[in-house]
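Let me begin by presenting the structure, written as structure tokens, before commenting on it.
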Amino acid sequence: MEPFVRHTGTALPLRRSNVDTDQIIPAEYLKRITRHGFEDGLFAAWRKDPNFVLNQPHHADVSILVAGPDFGTGSSREHAVWALQNYGFKVVLSSRFADIFRGNSGKGGLLTAHVDQSVIEELWTEIEANPDLEVTVDLEHREVRAGSIIASIEVDDYVRWRLMEGLDDIGITLAHVDAISAFESKRPEFMPTTA
Amino acid sequence: MGRTLAEKVWESHVVRRFEGEPDLLYIDLHLVHEVTSPQAFDGLRASGRVVRRTDLTLATEDHNIPTINIDQPIADPISRAQVQALRTNCAEFGVPLYSLGNVEQGIVHVVGPQLGLTQPGMTVVCGDSHTSTHGAFGALAFGIGTSEVEHVLATQTLPLKPFKTMAITVEGDLPPGVTAKDVILAVIAKIGTGGGQGYVLEYRGSAIEALSIEGRMTICNMSIEAGARAGMIAPDDTTFEYLKGRDHAPKGAEWEAAVDYWRTLRTDDDATFDAEVILDASALSPFVTWGTNPGQGLPLSGSVPSPDEAANEVERAAIAHALEYMGLTPGMPLREIEVDTVFVGSCTNGRIEDLRAVAEVLKGRTVAPSVRMLVVPGSVRVKHQAQEEGLDAVFIAAGAEWREAGCSMCLAMNPDKLAPGERSASTSNRNFEGRQGPGGRTHLVSPAVAAATAVTGHLCAPSDLATIA
Chain A
1 MEPFVRHTGT ALPLRRSNVD TDQIIPAEYL KRITRHGFED GLFAAWRKDP
51 NFVLNQPHHA DVSILVAGPD FGTGSSREHA VWALQNYGFK VVLSSRFADI
101 FRGNSGKGGL LTAHVDQSVI EELWTEIEAN PDLEVTVDLE HREVRAGSII
151 ASIEVDDYVR WRLMEGLDDI GITLAHVDAI SAFESKRPEF MPTTA
Chain B
1 MGRTLAEKVW ESHVVRRFEG EPDLLYIDLH LVHEVTSPQA FDGLRASGRV
51 VRRTDLTLAT EDHNIPTINI DQPIADPISR AQVQALRTNC AEFGVPLYSL
101 GNVEQGIVHV VGPQLGLTQP GMTVVCGDSH TSTHGAFGAL AFGIGTSEVE
151 HVLATQTLPL KPFKTMAITV EGDLPPGVTA KDVILAVIAK IGTGGGQGYV
201 LEYRGSAIEA LSIEGRMTIC NMSIEAGARA GMIAPDDTTF EYLKGRDHAP
251 KGAEWEAAVD YWRTLRTDDD ATFDAEVILD ASALSPFVTW GTNPGQGLPL
301 SGSVPSPDEA ANEVERAAIA HALEYMGLTP GMPLREIEVD TVFVGSCTNG
351 RIEDLRAVAE VLKGRTVAPS VRMLVVPGSV RVKHQAQEEG LDAVFIAAGA
401 EWREAGCSMC LAMNPDKLAP GERSASTSNR NFEGRQGPGG RTHLVSPAVA
451 AATAVTGHLC APSDLATIA
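Those protein sequences? They're chains A and B, same order as listed.
Position one of the first sequence corresponds to residue 1 (the working numbering), numbered consecutively onward.
Position one of the second sequence corresponds to residue 1 (the working numbering), numbered consecutively onward.
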């Protein structure tokens, strides 16, 4: 995984709450067995509407998604993270994320940063007035900067460290394999096996 | 200080704890299906890793498979390739798999419990958000993403930050005709789709204790729709009776040891929850959704709400958008909403008790000519049980289609889907835009309401039928 320290780009104002993972990528796209190529499924139903914000030419090269509250609810599909990343998004900002989506994002290197809804509203207004506005999300200093807006972002300390170091979770855990074996030797006899 | 049920299960699974890091938690059971696993197995292959505990891992085919003509190759080549990938991966890595055609095949959250693999006090994960279902046994069970699937395959553990705990207390007796599904839809409407975010929910109180295991599974299943990764119910004699004698349940002296342990899995009297919600069971009634998330629900006796009722601008926009998508106008009585499809099934309501409830309503009645009704058992075992009880004959005589086991129209990955603009009453768990097919409109309901709705063609409860028949 590539380390993430800070990212600067243009942003997409998505004025929707409760964006569930079925909207981020519908189930019909989940039949693939690779980790790439999901960009065509991103917001597939909404993109059929020519007025949808992502279809606007002035938002062509966005890499930061500014979304309403309760982003990523519903299904655990990590394909939602891959679809956003495959499309080119590096960061999602929201005032509230669903737990599983947020966890999946951290594993895959997509930064989900919590900011207050008032900041989201300010960003929406500024970006709609100037779609070319440069937005910087600085993980090192835990802040988002855009024009006159400077606001703090909340990211879990451990996730932040992993993202900044670009570390692979499985490698970290396998360093503790002795502790896993020790735990296994003490599990009760009555626990079931699938064998 | 006392501990909650969730805290007890968590503490008994900590492999490693270190200041500033997540706890490393041991996973007792890892369920796998075809949709969220291929990239995880690929990751193992790429890094030369193996599955650490194939004997704590079980795979089944459910999300993507057809519910008719299962003796023939899967028609959709992409679906077929994904199912084939699961078979190849399970064979290569030594993971037990129940394939299409096997008597143990079915929806992953129906299969685990019916085999007796889901037991109190366990940690259970699966690459599916409805893994919360298994919490009905007093297990700590939650959905994970594909990276975490790979992590569990490789290490049988997960690094996790502790959840907060929320008590959902439902006291009193449920009125006749009010079911577990109505309880959970009412809970979600009360706390919202984000209300449980960061929490494990513990459902408790006399109304919960009175529920069967199937009803408890329906409740825990939809914890995720309130934003909670897991929901739990303390195990009791109802739990133990369900488990006793099942294939993977402890036997003999081990059974006694297990039950002794399971009886300790209760929230201590002096334990405190981080939050508590209280519902009066006697005030509940059949509940249906009108919008495009599971929190947008009301009693069946209600009317479609207006955006003007919203508390803030974000909610106002959400209601307006949902009404536009659903093709509904404010003030319309929910009972007047006409459907063209009724779906009975899913990990929420695809168990034998659910099918019995549907058959009880349909017996001697017929499905309205304007309605297509699908009844999809949650597993092959459920299908066989229903056939032994003659329920299939009731469904077929009424004019419903009786299908093979799978997830089916709950998420419409297989050919079972709504056409654009079609409207369903569905016993499943999500009414998101396009969930049951692009442009499809979903109203979430209980099995009893689904059956009554199939008869009249508009949303209604069995009690409405008595006056008609």
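Cβ atoms here follow ideal geometry from the backbone N, Cα and C, with glycine treated the same way.
Please read all numbers here as calculations on a predicted model, not as lab measurements.
Item, Value
"Candidates A:PRO26, A:ASP157, A:THR112: which alpha carbon is nearest ARG96 (chain A)'s?", "A:THR112"
"Candidates B:GLU11, B:HIS33, B:VAL32: which alpha carbon is nearest LEU24 (chain B)'s?", "B:GLU11"
"For CYS483 (chain B), which of helix, strand or coil comes out of DSSP?", "Outside the shown range of chain B (1 to 469) lies residue 483 (chain B), about which nothing can therefore be said."
"Inspect the beta-carbon positions of VAL124 (chain B) and VAL32 (chain B) and report whether they are closer than 9 Å.", "no"
"Interface residues of chain B around PRO26 (chain A) at Cβ under 8 Å?", "GLY434, PRO438"
"Taking only three categories from DSSP, how would you classify LYS164 (chain B)?", "strand"
"In this structure, does DSSP put ALA452 (chain B) in helix, strand or coil?", "helix"
"So which of A:ASN86, A:ASN18, A:HIS59 has the shortest CA-CA distance to GLY227 (chain B)?", "A:ASN18"
"Unbroken alpha helix (DSSP H) runs of length 4 or more, entirely within the stretch 1–53 of chain B: which are they?", "5–11, 38–47"
"Run down chain B in chain order and give the residues with a C-beta less than 9 Å from the C-beta of ASP22 (chain A).", "LEU411, ARG430, PHE432, GLU433, GLY434, ARG435"
"Tell me the DSSP secondary structure of SER94 (chain A) in three-state form.", "strand"
"Output the distance between the C-alpha atoms of THR474 (chain B) and ALA322 (chain B), rounded to the nearest integer angstrom.", "Summary: the structure shown does not reach residue 474 (chain B), with chain B confined to residues 1 through 469, and so no result is reported for it."
"Consult DSSP for THR173 (chain A) and reduce its assignment to one of helix, strand or coil.", "helix"
"Measuring only the C-alpha atoms, how far is PRO175 (chain B) from ILE224 (chain B)?", "26 Å"
"Distance, Cα to Cα, PHE163 (chain B) vs SER370 (chain B)?", "47 Å"
"Is ALA91 (chain B) close to chain A? Criterion is C-beta to C-beta, closer than 9 Å.", "no"
"Could you say which of B:THR366, B:GLN156, B:GLY331 lies nearest to PHE395 (chain B) if we only look at CA atoms?", "B:THR366"
"Quick one, are the C-beta atoms of ASN429 (chain B) and MET217 (chain B) less than 9 Å apart?", "no"
"For a contact meaning CB atoms closer than 8 Å, what does GLU254 (chain B) contact in chain A?", "GLU189, PHE190"
"Since ARG80 (chain B) and PHE142 (chain B) are thought to touch, with beta carbons under 8 Å apart, how far apart are those beta carbons, to the nearest angstrom?", "Not really, about 30 Å apart at Cβ, beyond 8 Å."
"Taking only beta-carbon positions, decide if ARG52 (chain B) is within less than 9 Å of chain A.", "yes"
"State the DSSP-derived secondary structure class of ASP178 (chain A), mapped to helix, strand or coil.", "helix"
"Which residues in chain A have a C-beta closer than 9 Å to the C-beta of VAL35 (chain B)? List them in chain order.", "ALA27, LEU30, LYS31, ARG77, HIS79"
"Would VAL15 (chain B) pass as an interface residue toward chain A - the criterion being a Cβ-Cβ separation below 9 Å?", "yes"
"How many Å lie between ILE149 (chain A) and ARG16 (chain A) at the Cα?", "21 Å"
"Which chain B residues are close to PHE52 (chain A), counting only those with a beta carbon under 7 Å from its beta carbon?", "Simply none; closest approach about 13 Å."
"Please list the partners that GLU150 (chain B) has in chain A, where partner means a Cβ-to-Cβ separation under 8 Å.", "ILE170"
"Tell me SER426 (chain B)'s beta-bridge partners as DSSP assigns them.", "B:PHE343, B:LEU444"
"Is the shortest distance between the beta-carbon of LYS244 (chain B) and the beta-carbons of chain A less than 9 Å?", "no"
"For GLU338 (chain B) and ARG423 (chain B), what's the separation of their Cα atoms in angstroms?", "8 Å"
"Just the C-alpha distance for GLU165 (chain A) and MET1 (chain A), rounded to the nearest angstrom, thanks.", "9 Å"
"In whole angstroms, what separates the C-alpha of ARG187 (chain A) from that of TYR26 (chain B)?", "10 Å"
"Return the CA-CA distance between ALA469 (chain B) and ALA412 (chain B), expressed in angstroms with no decimal places.", "Low local confidence applies: a pLDDT of 46 at ALA469 (chain B) is under 50, so the model's placement there is unreliable, and no value is given."
"Please report the straight-line C-alpha distance between PHE71 (chain A) and LEU65 (chain A), rounded to a whole angstrom.", "11 Å"
"Going by DSSP, which residues form a beta bridge with MET191 (chain A)?", "For MET191 (chain A), which the question treats as bridged, DSSP gives no partner whatsoever."
"Relative to chain A, which residues along the stretch 198–229 of chain B have a C-beta separation below 7 Å, given in chain order?", "GLY198, GLY227, ARG229"
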